[in-house]
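**Q** Protein chains in written order, with our numbering: chain A, 2 to 260; chain B, 44 to 349; chain C, 3 to 379.
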Amino acid sequence: MPKFLVLYKWTLDEQDIKIKSDDLSLDASRAKGKISDFDRNAIEEAARIVEAKGGSVDVLTYGSAAVKQSLKDVLSRGADKAYWIADASAETADAVVTAKVLAAAIRKIGPYDVILTGEGSSDQFNQQTAPRVAALLGLPCLSLVHKLDVEAGTVSVTRKLAVCTEQATVSGPVVVSVLSDINKPRIPGLKQVLGAAKKPNEEIALGSLGVSPADLQPKAVRRSAKGFVMTRKNVVFKDANPADSVAKLVSSLVSEGLF
Amino acid sequence: MTGIFLFSEDPVLAKQLLTPALALKGALDQPITALALDGATAADLAALGADTVLLLQSASGWVEGLGDAVTDLVRAATVVLVGGTQRGKHLAAHVAAKLDAGLTTDAKSLAIEDGKLVTSRILYAGLAVGVEELAFPAVATIPPRSYPTPEAAQTPGSVETVAVTDDIRVTVTGTTPTESSGVDISLANKLVSVGRGFRSKDDLPLAEGLAAKLKGEVSCTRGIAEDEHWLPIERYIGISGQTVKPDLYLAVGLSGQVQHMVGARESKIIVAINSDERAPIFEAADYGIVGDLYAVLPLLTAAITS
Amino acid sequence: MNFELTDEQRLIGQSARAFAKEYLDPIAADLDHSGTYPKAIIEQLAGYDFLGLLLPEEVGGAAAGAVSYIEVIEALSRSCPAVATILTNHTLGALAVVDWGSDKQKKDYAPALAKGERLATLAIYEKGPAPGVGPDALLAARQGEHYVLNGTKAFVRNAGVADLYVVFATVEPAPDKRALSVFLVDARTPGLTIGPRLETMGLKACPVAHVIFSNVSVPAAALVGGENGGTAIATTLLAKAAVFEAAQTVGIGKAAVKHAADYAKQRVQFGRPIASLQAIQTLLADVATDAHLAWLGVQRTAQLIEDGQPFETDAAMVKAFLARVGSKMLIDTVQVEGGFGYSEFMPLPRLFRDIAGTTLLDAPADFPDEIIAEAIA
Numbered sequence: 002m003p004k005f006l007v008l009y010k011w012t013l014d015e016q017d018i019k020i021k022s023d024d025l026s027l028d029a030s031r032a033k034g035k036i037s038d039f040d041r042n043a044i045e046e047a048a049r050i051v052e053a054k055g056g057s058v059d060v061l062t063y064g065s066a067a068v069k070q071s072l073k074d075v076l077s078r079g080a081d082k083a084y085w086i087a088d089a090s091a092e093t094a095d096a097v098v099t100a101k102v103l104a105a106a107i108r109k110i111g112p113y114d115v116i117l118t119g120e121g122s123s124d125q126f127n128q129q130t131a132p133r134v135a136a137l138l139g140l141p142c143l144s145l146v147h148k149l150d151v152e153a154g155t156v157s158v159t160r161k162l163a164v165c166t167e168q169a170t171v172s173g174p175v176v177v178s179v180l181s182d183i184n185k186p187r188i189p190g191l192k193q194v195l196g197a198a199k200k201p202n203e204e205i206a207l208g209s210l211g212v213s214p215a216d217l218q219p220k221a222v223r224r225s226a227k228g229f230v231m232t233r234k235n236v237v238f239k240d241a242n243p244a245d246s247v248a249k250l251v252s253s254l255v256s257e258g259l260f
Numbered sequence: 044m045t046g047i048f049l050f051s052e053d054p055v056l057a058k059q060l061l062t063p064a065l066a067l068k069g070a071l072d073q074p075i076t077a078l079a080l081d082g083a084t085a086a087d088l089a090a091l092g093a094d095t096v097l098l099l100q101s102a103s104g105w106v107e108g109l110g111d112a113v114t115d116l117v118r119a120a121t122v123v124l125v126g127g128t129q130r131g132k133h134l135a136a137h138v139a140a141k142l143d144a145g146l147t148t149d150a151k152s153l154a155i156e157d158g159k160l161v162t163s164r165i166l167y168a169g170l171a172v173g174v175e176e177l178a179f180p181a182v183a184t185i186p187p188r189s190y191p192t193p194e195a196a197q198t199p200g201s202v203e204t205v206a207v208t209d210d211i212r213v214t215v216t217g218t219t220p221t222e223s224s225g226v227d228i229s230l231a232n233k234l235v236s237v238g239r240g241f242r243s244k245d246d247l248p249l250a251e252g253l254a255a256k257l258k259g260e261v262s263c264t265r266g267i268a269e270d271e272h273w274l275p276i277e278r279y280i281g282i283s284g285q286t287v288k289p290d291l292y293l294a295v296g297l298s299g300q301v302q303h304m305v306g307a308r309e310s311k312i313i314v315a316i317n318s319d320e321r322a323p324i325f326e327a328a329d330y331g332i333v334g335d336l337y338a339v340l341p342l343l344t345a346a347i348t349s
Numbered sequence: 003m004n005f006e007l008t009d010e011q012r013l014i015g016q017s018a019r020a021f022a023k024e025y026l027d028p029i030a031a032d033l034d035h036s037g038t039y040p041k042a043i044i045e046q047l048a049g050y051d052f053l054g055l056l057l058p059e060e061v062g063g064a065a066a067g068a069v070s071y072i073e074v075i076e077a078l079s080r081s082c083p084a085v086a087t088i089l090t091n092h093t094l095g096a097l098a099v100v101d102w103g104s105d106k107q108k109k110d111y112a113p114a115l116a117k118g119e120r121l122a123t124l125a126i127y128e129k130g131p132a133p134g135v136g137p138d139a140l141l142a143a144r145q146g147e148h149y150v151l152n153g154t155k156a157f158v159r160n161a162g163v164a165d166l167y168v169v170f171a172t173v174e175p176a177p178d179k180r181a182l183s184v185f186l187v188d189a190r191t192p193g194l195t196i197g198p199r200l201e202t203m204g205l206k207a208c209p210v211a212h213v214i215f216s217n218v219s220v221p222a223a224a225l226v227g228g229e230n231g232g233t234a235i236a237t238t239l240l241a242k243a244a245v246f247e248a249a250q251t252v253g254i255g256k257a258a259v260k261h262a263a264d265y266a267k268q269r270v271q272f273g274r275p276i277a278s279l280q281a282i283q284t285l286l287a288d289v290a291t292d293a294h295l296a297w298l299g300v301q302r303t304a305q306l307i308e309d310g311q312p313f314e315t316d317a318a319m320v321k322a323f324l325a326r327v328g329s330k331m332l333i334d335t336v337q338v339e340g341g342f343g344y345s346e347f348m349p350l351p352r353l354f355r356d357i358a359g360t361t362l363l364d365a366p367a368d369f370p371d372e373i374i375a376e377a378i379a
């Protein structure tokens, strides 16, 4: 009966982010919050295993005050209890800070048999949280997991890398990051949504974790984020006779030095 | 803190890492130490500019399990560069955690400014580029083919053998290489890329003929590979596929959506051929022909032959 | 005054949008072409408990309230309004049972309706100008402990797939020309036949047919709300229907605006996207404004329903407003898209036909205005 903890991030929906045409800065003012896509896969995987074999699924998140909006959402997806840390430090936190805070929280609320998270967050896609948290906790880490089995204290996975697939096992506690194709996250039905209010959630005060102000300072500081704009020549040939367009194109490519 | 450290389990990528490492050496005036897993790569790295090469004796060779071992070896580092394979990114994050260091994933550029490593990377699936500053020690993972291999160094560096302990808690019970069609489109100088404007798999020879005349390769969009299975997945370009930087990228019958173009937008010259003049590809192209690819491709192939 | 949705309402809308995107978007065009009743989709909706959303918990419903309900209807309508029509007609039939039915009627019918195991629908309209008037009027004659129904109910939605028809009949002799009586009639009752399926202008996947009653005998216990109690029931249900259809209309309008805006951003003419042209911006802005303001009205009316407050005037106003601007929303967005907008391989033509169905039906044109006039006089 494994005890799962799923780490999730409440992110802005990157599809709502716009590029301002004057200075190319990013406008996220209309972006709605969502549970990071790959973390949904992680919650789904834990929920499925527990629904089939027993056990429990807790979830943990560290973010700004906005994370409160995520609680019923995450509890409607198969989690039993939600832990949350809401602090302004999250707005500047980099992967160093995030991992330290999460590790400290896990030391407080754990131990867990399997700590799960998505391969990367849907906004930053740093792909660092799982190995960092594992390293800080002194646990092994299995990343890029496409198939997960938990049986009597042994975790067996199939990892899917670009160059190969790999089977691996760990006996004992482990951190696992899952790929988006490991499962299809459920759409919560009405009863799950309404039932979420009856499930427990617990705020963890950042101050109770023994994390110093220095620990909350990021080591990677964002200097700027600018929309990527293609500046290409945009020369288009639209002759009625395609042979004319082709001739003009070839002549342009020759003058570009391509032949 | 002193020293620029680099590692990749991919020998080609490891050598490519020397190029930015040498630039950092120039800026920081600190030696380069490379880590390698096999003797041949170690010798190459020594010859190409590493001052010291540490040849790791790992029993399992499982890269992800070398986090603690590598951390011990790079403790003195100012900057650590790790090849951005999937295994490399996992290892880099572990090492960064143990060093209490910032890590830029898939850094597109590196520079030293005011005692910090300044990096840039792609954000939001290609929508934006972010610049960040990392205090030392700083870690960055570098994607394959970001840099060329440097020329041989004047004086080769030295190679030392080091015993390392693997993470024995993880048992790797099997590894199956992914079936490859043997073509690496990222090496092609010219690419003819096909999209859904092609009506059938039988029409692909139109593109293949042109690619052959250009001495290039055929690539495609995700749909052509993953949905239609007209071409193997190694030929598809996009956010979840390959990234390429050819001299010429010919986008034929493809609309040019962001998720595809993010894999090709660093091509030197982009040409679009599409019958729909409102397709986004024309915004992303240097030159374009609005026309029927079935008419244009044969004409273009003939024009190039002559 | 709080305009924010509760977490539950927001998450219910989120699930409905995810459902629509995953299951309805891929098939909406086909459903419009074929007009096939989407049985599997309805079963899936039942699996998510949407069929019992408004029904009380004691019969197995979710009792999630009207504000959540319209979130679902609006979301489904962005992809396939016909599916929303099937659902709303089922809901209205089920509401007749749970809001006016006897304990026995609720016990007998409501749980299966809440689970979606059985589908309900309303049979109100007739070929004549009003129920009870005309040669095919649905008349009920009392015979001891039974009523015998004869006549035709016209343009019945979900006809042929419904298990339960909530039939508005005229019991003879009628005390006045508007007196109606509501009967719960099982689809399998002998003498009840479904006419041929009628091809409609839009909302094609929702089956529509006349339902013919030929000496259909029902027990007196099938009456809901007593003899001649049906007029009040009809008024309330039609007012709720107006609100639900308004939610559909807004969903269709929002889908049309989004499609047209995306098109305008990509379509380049005279060297720039047509989205930068003032004429286009005005068209899109007007449609978006109409949809936005209408939605505020629909939400407010739904809140009144949840609070048990009088809502019929608001419902009539929302309906009247959308009757005026609904089709215009599609006329304008088709205009933005030009030739593409007029082509059947794009979604706007079928949305055009669907919005005609959600704005122009279910009440004679002056019906809402009568209610409004009464309210403000």
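All C-beta atoms, glycine included, are put in the ideal place defined by N, C-alpha and C.
All values derive from a computational prediction rather than experimental measurement.
Report the neighbours of residue 52/C on chain F: residues whose CB is nearer than 7 Å to its CB, in chain order.
**A** Within the model displayed, chain F is absent; protein chains A, B and C are what it includes.
**Q** Go through the segment 59 to 88 of chain A residue by residue and report every complete run of the alpha helix (DSSP H) that reaches 4 residues or more, in order.
**A** Within the segment 59 to 88 of chain A, the complete alpha helix (DSSP H) runs of at least 4 residues are 72 to 76.
**Q** Taking the C-alpha atoms as reference points, what is the distance between residue 246/C and residue 200/A?
**A** On the third sequence, position 244 is the one that residue 246/C refers to. On the first sequence, position 199 is the one that residue 200/A refers to. The alpha-carbon atoms of residue 246/C and residue 200/A are separated by roughly 32 Å.
**Q** Determine the closest residue to residue 273/B out of 247/B, 254/B, 157/B, 191/B, with distance taken between C-alpha atoms.
**A** Numbered from 1 along the second sequence, position 230 holds the residue referred to as residue 273/B. When each option's Cα is compared against that of residue 273/B, the closest is 247/B.
**Q** So, are the CB atoms of residue 81/C and residue 27/C less than 7 Å apart?
**A** Numbered from 1 along the third sequence, position 79 holds the residue referred to as residue 81/C. Numbered from 1 along the third sequence, position 25 holds the residue referred to as residue 27/C. Yes, Cβ-Cβ distance for residue 81/C and residue 27/C is below 7 Å.
**Q** Nearest by alpha-carbon distance to residue 171/B: which of 24/A, 172/A, 9/A is it?
**A** Taking the second sequence and counting its residues from 1, the one referred to as residue 171/B is at position 128. Cα-wise, what sits closest to residue 171/B is 24/A.
**Q** Is residue 192/C buried or exposed, if buried means 16 or more other CB atoms sit within 10 Å of its CB?
**A** Here residue 192/C refers to the residue found at position 190 when the third sequence is read from its first residue. Residue 192/C should be labelled exposed.
**Q** When you compare the CB of residue 367/C with every CB in chain A, is at least one pair closer than 7 Å?
**A** On the third sequence, position 365 is the one that residue 367/C refers to. Because the pLDDT at residue 367/C is just 44, under 50, the model does not fix this residue reliably, and the point stays unresolved.
**Q** Count the other CB atoms within 10 Å of the CB of residue 206/B; is the residue buried (16 or more) or exposed (fewer)?
**A** Here residue 206/B refers to the residue found at position 163 when the second sequence is read from its first residue. Classification for residue 206/B: exposed.
**Q** Tell me whether the beta-carbon of residue 189/C lies closer than 7 Å to the beta-carbon of residue 164/C.
**A** Counting from 1 along the third sequence, the entry for residue 189/C is found at position 187. Counting from 1 along the third sequence, the entry for residue 164/C is found at position 162. Cβ distance < 7 Å, so residue 189/C and residue 164/C count as in contact.
**Q** Suppose the cutoff is 8 Å on Cβ atoms and the five residues either side in sequence are ignored; what does the same chain contact list for residue 71/B look like?
**A** Stepping through the second sequence from its first residue, residue 71/B is reached at position 28. Once the five neighbours on either side are set aside, the close Cβ partners of residue 71/B are 47, 121, 122, 155.
**Q** Once you ignore the five residues that flank residue 249/C on each side, which residues in its own chain have a CB closer than 6 Å to its CB?
**A** For the purposes of this step, residue 249/C is identified with residue 247 of the third sequence, where counting begins at 1. Cβ neighbours of residue 249/C beyond the five flanking positions: 72, 75, 76, 300.
**Q** Considering only the alpha carbon of each residue, which of 99/C, 87/C, 244/C, 221/C lies closest to residue 146/C?
**A** Position 144 of the third sequence holds residue 146/C. The shortest Cα separation from residue 146/C among 99/C, 87/C, 244/C, 221/C belongs to 221/C.
**Q** Take residue 367/C and list the residues in its own chain whose beta-carbon comes closer than 6 Å to its own, dropping the five residues that flank it on each side.
**A** Taking the first residue of the third sequence as 1, we reach residue 367/C at position 365. Note on residue 367/C: pLDDT 44, under 50, position unreliable in the model; the coordinate value appears next. Cβ within range, chain order: n/a, list empty.
**Q** For residue 161/B, which beta-bridge partners are listed by DSSP?
**A** Indexing the second sequence from 1 puts residue 161/B at position 118. In the DSSP output, where bridge partners are listed per residue, residue 161/B has 154/B, 176/B.
**Q** Check each residue of the segment 308 to 327 of chain B: if its Cβ is closer than 9 Å to any Cβ of chain A, include it; give the result in chain order.
**A** Result list: 308, 311, 312, 313, 314, 315, 316, 320, 325, 326, 327.
**Q** What did DSSP end up calling residue 368/C once you bin it into helix, strand or coil?
**A** Within the third sequence, residue 368/C is the residue found at index 366, counting from 1. Because residue 368/C sits at a pLDDT of 47, beneath the cut-off of 50, its placement in the model cannot be relied upon, and the point is left open.
**Q** What is the DSSP secondary structure of residue 83/C, counted as helix, strand or coil?
**A** Working through the third sequence from its first residue, we reach residue 83/C at position 81. Correct three-state label for residue 83/C: helix.
**Q** Considering only the beta carbon of each residue, do residue 113/C and residue 184/C sit closer than 7 Å?
**A** If you number the third sequence from 1, residue 113/C lands on position 111. If you number the third sequence from 1, residue 184/C lands on position 182. The answer is no: Cβ separation not under 7 Å.
**Q** Short of 6 Å in beta carbon distance, which residues of its chain neighbour residue 305/B, apart from the five on each side in sequence? Order them along the chain.
**A** For the purposes of this step, residue 305/B is taken as residue 262 along the second sequence, with counting starting at 1. Excluding sequence neighbours, residue 305/B sits near 169, 282.
**Q** What separation, rounded to the nearest whole angstrom, lies between the Cα atoms of residue 19/C and residue 377/C?
**A** Sequence index remark: in the third sequence, residue 19/C carries index 17 (1-based). Sequence index remark: in the third sequence, residue 377/C carries index 375 (1-based). Approximately 36 Å, taken between the alpha carbons.
**Q** To which residues does DSSP link residue 171/C through a beta bridge?
**A** Counted from its first residue, the third sequence places residue 171/C at position 169. Its beta-bridge partners are 183/C.
**Q** Check the C-beta distance from residue 169/C over to residue 151/C and give it rounded, since I have them as a contact under 8 Å.
**A** Position 167 of the third sequence, counted from the start, is the residue given in the question as residue 169/C. Position 149 of the third sequence, counted from the start, is the residue given in the question as residue 151/C. Sure, about 7 Å apart at Cβ, within 8 Å.
**Q** Would you call the segment 211 to 223 of chain A and the segment 95 to 113 of chain A touching, i.e. three or more CB-CB distances under 8 Å?
**A** Counting Cβ pairs under 8 Å, three or more are found: they touch.
**Q** Between the segment 313 to 344 of chain C and chain A, which residues of the former have CB atoms less than 8 Å from a CB of the latter, in chain order?
**A** Flagged: no residues at all.
**Q** Three Cβ pairs or more, each shorter than 8 Å: is that satisfied between the segment 289 to 300 of chain C and the segment 250 to 257 of chain C?
**A** Touching, yes, given that three or more Cβ pairs across the two stretches are closer than 8 Å.
**Q** Of all the residues that make up the segment 271 to 284 of chain C, which are near chain B by a beta-carbon distance shorter than 7 Å?
**A** Answer in chain order: no residues at all.
**Q** Below 8 Å on the Cβ atoms is my guess for residue 52/B versus residue 142/A; work out the distance and round it to an integer in Å.
**A** Stepping through the second sequence from its first residue, residue 52/B is reached at position 9. Stepping through the first sequence from its first residue, residue 142/A is reached at position 141. Going by Cβ atoms, the distance from residue 52/B to residue 142/A rounds to 17 Å, so no, they are not a contact pair.
**Q** Could you give the distance in angstroms between the alpha-carbon of residue 245/B and the alpha-carbon of residue 38/C?
**A** Numbered from 1 along the second sequence, position 202 holds the residue referred to as residue 245/B. Numbered from 1 along the third sequence, position 36 holds the residue referred to as residue 38/C. Rounded to the nearest angstrom, the two C-alpha atoms are 35 Å apart.
**Q** Which class does residue 8/C belong to by DSSP, given the choice of helix, strand or coil?
**A** Mapped onto the third sequence, residue 8/C falls at position 6. Of the three classes helix, strand and coil, the one that applies to residue 8/C here is coil, per DSSP.
**Q** Please confirm if residue 8/A has its CB atom under 7 Å from at least one CB of chain B.
**A** Here residue 8/A corresponds to residue number 7 of the first sequence, with the count starting at 1. Taking Cβ atoms only, chain B never reaches closer than 7 Å to residue 8/A, which makes this a no.
**Q** Excluding the 5 residues flanking residue 279/B on each side, which residues of the same chain have their C-beta closer than 6 Å to its C-beta?
**A** The residue labelled residue 279/B in the question sits at position 236 within the second sequence. So the qualifying residues of the chain are 263, 265, 268.
**Q** Decide if residue 91/C is buried, meaning its Cβ has at least 16 other Cβ atoms within 10 Å, or exposed.
**A** Stepping through the third sequence from its first residue, residue 91/C is reached at position 89. Buried, because 16 or more other Cβ atoms sit within 10 Å of the Cβ of residue 91/C.
**Q** CA-CA distance, residue 2/C and residue 329/C?
**A** The first residue shown for chain C is 3 and the last is 379, placing residue 2/C beyond what the model contains.
**Q** One question on the structure: do residue 13/B and residue 290/B come within less than 7 Å of each other, judged by their Cβ atoms?
**A** For chain B, the structure presents residues 44 to 349; residue 13/B sits outside this window and is missing.
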